[in-house]
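Written out below as structure tokens is the structure these notes cover.
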Ligand code: HEM
């Protein structure tokens, strides 16, 4: 489909490479244990294309898009298929100083648009359709900040793959044919003690990031000792450099002192992103962690697989669940479950 200016717009779901937009919503949901919850979720996500059209067609130039990711805990029951080769719950990484925590999440909706009202409208329609089949684990509205900068003041996203490198580094290929054109997705919500960061000199901030702040030019990689964020997240092996696609978004509630970066990474190989996290939290060499973490605290962490649009649509053909609530997929494999796999409760958790 095209907008009024003849530009193609990402009205189909699961377009991992949808353009960077001005706003985004990151919605993390937990599927309820009720008998019909899986059927409801299956019906809603397999019809995601219609919901996106309903909201997005009202202003095609708003470039509404939505990607849904499915977590390991519900994958088998929801899709009635074996898990993608690398899919497992987010693995907590405990470093000497900082921990990448794992938190609940069965479904991730990454909603992007150039208009906040389009994001809102799609989110509203989704939640209305899902009803009591889900509860909310986390909901963040992000906004694009000047020059695509994060709230720490650095241009964020520069090293993302482009052209043919983009599908090559984000979409599963022949290595897992049943899941070709899908993508692993990892999200983490980070908050920043902004005044502490602002107390650093620009040179100190640049050394932590590995880029100059004003003009975004890369600094040389350190080969020993403390490495920058840019160097620690560069993964190279015999096959060359492995990229991921990031579409981080700032979020903030200044009156509450909340300043954050919502990290989202799409990757063809989950291990690549996990290696980045290990290098950040444990350090390379171990002990010399990413100094960005001294100013960025992860409040959440969860992993998903975003199936191709074709596979997502095909879920509509699966029969309804008739045999009542079944057991969690990972019950027979305690190693696959984390302490955070339980559905959250407390204020805001229940959408019904
Ligand atoms: C690079 C910010 C978390 C992976 C960068 C850059 C900035 C940045 C400013 C340099 C410009 C660019 O290439 O985009 C942040 C902030 C984070 C965060 C504010 C959270 C508070 C993460 C996490 C990962 C990650 C959790 C992966 C697990 C990368 C990669 C690069 C990068 C792969 C490009 C490295 C290269 O030059 O090849 N990040 N980042 N970032 N970051 Fe992050």
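Numbering (my numbering), first residue to last: 124 to 475. Glycine included, every Cβ here is placed at the ideal spot set by N, Cα and C. If you're wondering where the values come from, they're calculated on a predicted model, not measured in any experiment.
One or two residues paired with residue i in a DSSP bridge
i	result
residue 429	306
residue 312	385
residue 372	385
residue 192	231
residue 265	147
residue 214	Answer by DSSP bridge pairing: none, since residue 214 is not bridged.
residue 236	146
residue 335	Answer is none; residue 335 lacks a bridge partner.
residue 341	334
residue 223	216
residue 278	272
residue 421	313
residue 390	307
Residue i (DSSP reduced to helix, strand or coil)
i	result
residue 139	coil
residue 152	strand
residue 363	strand
residue 290	helix
residue 244	helix
residue 358	strand
residue 439	helix
residue 272	strand
residue 300	helix
residue 202	helix
residue 347	coil
residue 324	coil
residue 352	helix
residue 400	helix
residue 158	coil
residue 406	coil
residue 444	coil
residue 173	helix
residue 329	helix
Cβ-Cβ separation, residue j to residue i (assumed contact under 8 Å), whole Å
i	j	result
residue 315	residue 384	7 Å
residue 207	residue 305	7 Å
residue 482	residue 237	What is shown of the chain runs 124 to 475, which leaves residue 482 out entirely.
residue 275	residue 257	Wrong, their Cβ atoms sit about 33 Å apart, outside the cutoff.
residue 395	residue 358	5 Å
residue 168	residue 438	7 Å
residue 215	residue 234	Rounded, the Cβ-Cβ distance is 27 Å, inconsistent with contact.
residue 192	residue 427	3 Å
residue 435	residue 137	6 Å
residue 312	residue 421	7 Å
residue 255	residue 155	6 Å
residue 389	residue 293	5 Å
residue 198	residue 183	Contact doesn't hold; Cβ gap of about 33 Å is too wide.
residue 120	residue 225	Only positions 124 to 475 of the chain appear in the structure, and residue 120 is not among them; the question remains open.
residue 159	residue 444	7 Å
residue 402	residue 346	Between residue 346 and residue 402 the Cβ distance is about 14 Å, and since that is not below 8 Å, they are no contact.
Which listed residue (the options) has its alpha carbon closest to that of residue i
i	options	result
residue 419	202, 191 and 320	320
residue 353	337, 372 and 329	329
residue 219	407, 293 and 174	407
residue 222	430, 140, 413 and 382	413
residue 310	163, 170, 424 and 166	424
residue 368	214, 342, 399 and 204	399
residue 302	430, 146, 349 and 167	430
residue 523	158, 146 and 249	Lying outside 124 to 475, the shown extent of the chain, residue 523 is not represented and no answer is given.
residue 227	242, 153, 293 and 277	153
residue 289	202, 253 and 365	365
residue 374	262, 171, 224 and 225	262
residue 281	338, 171 and 210	338
residue 333	296, 286, 381 and 277	277
residue 391	335, 336 and 284	284
residue 217	404, 184, 349 and 432	404
residue 164	379, 144 and 251	251
residue 240	162, 209 and 146	146
residue 188	198, 286 and 172	172
residue 372	144, 139 and 136	144
residue 411	243, 181, 198 and 331	331
residue 202	162, 279 and 402	162
residue 141	401, 370, 377 and 379	370
residue 279	197, 267 and 209	267
residue 242	149, 297, 317 and 253	149
residue 157	340, 360, 253 and 190	253
CB contact check: residue i to chain C, cutoff 7 Å
i	result
residue 301	Absence of chain C from the displayed structure is noted, only one protein chain being present.
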